[in-house]
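If you use UniProt numbering, the sequence shown corresponds to residues 1 to 262, in order.
Each residue gets a CB set at the ideal place from its N, CA and C atoms; glycine is no exception.
Note that the structure is predicted; figures quoted are calculated from it, not measured.
All remarks here apply to the structure that follows.
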Amino acid sequence: MYHKNANKKDPGIGGYKLWLMLTELYGRKLIPGRDSFFTLLRRHQLMFPPRKARHTTNSNHRYHKWKNLVKDIVLTSANQLWVSDITYIQLANGDVAYLHLVTDAYSRKIVGWVLADTLRAALSIQALQMAIDQAIEMNGGECLKGLIHHSDRGVQYCCDAYVQKLQEYDISISMTEDYKPTDNAIAERVNGIIKMEKVYRMHVFKDIECTRVTIGRYIQFYNNRRPHMRIGYKTPAKAHLEQGIQQKIWKKRIYTSKKKDS
């Protein structure tokens with residue numbers, strides 16, 4: 001059944017998103033209302049508590065640190081602003097895998113990614129090149145002037161090779177000015193989604209090859225099937241082809257009534 005397949009692909013997907021997906025597929029006649037759906041999930045112990053993620057950035061280096069160009073920016077299409085970050089995934093043998101990500105800030109689509117066993121800048125550049133290739137194919141030209149690349153001040157993004165790759169395609173460079181996660185909020189949010197909905201719900205990642213396959217499948221699901229709240233509960237792939245300011249839908253709190261003591 002569809003709900004089983006959805007849970008296999010994304011066992012940590014939010015209840016509201018799962019309700020939307022099931023309602024769209026089966027219709028309101030077969031799927032209960034939102035509140036009843038949450039009650040059903042709680043009854044069967046399918047609601048998971050959130051977990052906190054850990055983030056590290058090495059910005060103690062000799063390279064130039066660029067100014068923040070994206071404060072109060074208004075986006076109206078894809079390939080105007082990319083945000084990049086690196087997060088880690090713990091493996092069963094105690095090793096760590098690093099996920100290098102490039103995300104389109106307008107559509108929330110992951111446009112470039114590499115999973116590897118090191119933090120080397122060459123791997124971040126591979127993820128960047130993947131994003132560049134899809135943008136060139138989409139735009140029909142190799143000049144990406146007008147696009148901004150935003151990241152933290154980590155050495156991977158400040159090093160000469162990464163900066164030269166951006167400048168080769170006329171991509172403007174923007175970086176966080178402080179050390180707060182909110183300065184690169186979209187990238188941090190995508191990291192959190194992957195960890196909360198996939199990484200933390202897996203009992204174990206056997207090795208890096210298994211992890212790469214699993215994360216690759218999840219990114220396909222995230223881009224093409226998972227509705228995203230900040231783009232009006234559309235999929236990132238759909239939003240990526242649109243124009244105009246995306247409608248944000250704020251998450252509604254689900255309140256449960258407490259039984260009064262008799």
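Measuring only the C-alpha atoms, how far is residue i from residue j?
i, j, result
"Ser36", "Ile186", "31 Å"
"Gln156", "Val74", "27 Å"
"residue 272", "Arg43", "Past the edges of the chain, shown from 1 to 262, lies residue 272, and the structure says nothing about it."
"Pro32", "Leu18", "12 Å"
"Lys145", "Ile171", "6 Å"
"Asp104", "Met202", "26 Å"
"Leu22", "Gly112", "29 Å"
"Thr76", "Met175", "21 Å"
"Ala178", "Lys109", "As written in the sequence, residue 178 is Asp, which differs from the Ala given in the question. Cα to Cα, Asp178 sits roughly 25 Å from Lys109."
When DSSP labels each residue in this structure, what does residue i get in the three-state scheme?
i, result
"Lys234", "strand"
"Tyr156", "In the sequence as presented, Tyr is not what sits at residue 156; that position holds Gln. In this structure, Gln156 counts as helix in the three-state DSSP scheme."
"Arg54", "At Arg54 the pLDDT is 43, less than 50, meaning the model places this residue with poor confidence and gives no usable figure here."
"Gln247", "coil"
"Gly140", "coil"
"Asp207", "coil"
"Tyr255", "Since pLDDT at Tyr255 reaches only 44, below the 50 mark, its modelled position is unreliable, and no value is offered."
"Asn224", "helix"
"Leu123", "helix"
"Met202", "coil"
"Ile132", "helix"
"Leu99", "strand"
Within 10 angstroms of the Cβ of residue i, are there 16 or more other Cβ atoms? Answer buried if so, exposed if not.
i, result
"Lys234", "buried"
"Tyr26", "exposed"
Taking contact to mean 3 or more Cβ pairs, one atom from each stretch, closer than 8 Å, check whether the region 134-141 and the region 77-86 are in contact. yes
Count Cβ pairs between the region 85-104 and the region 200-210 that sit closer than 8 Å; are there 3 or more? yes
List in chain order: all unbroken alpha helix (DSSP H) runs of 4+ residues lying wholly within the region 55-87. none
Are the region 122-129 and the region 187-196 touching by the rule of at least three beta carbon pairs closer than 8 Å? no
Would you call the region 99-116 in contact with the region 176-184, where contact means no fewer than 3 C-beta pairs closer than 8 Å? no
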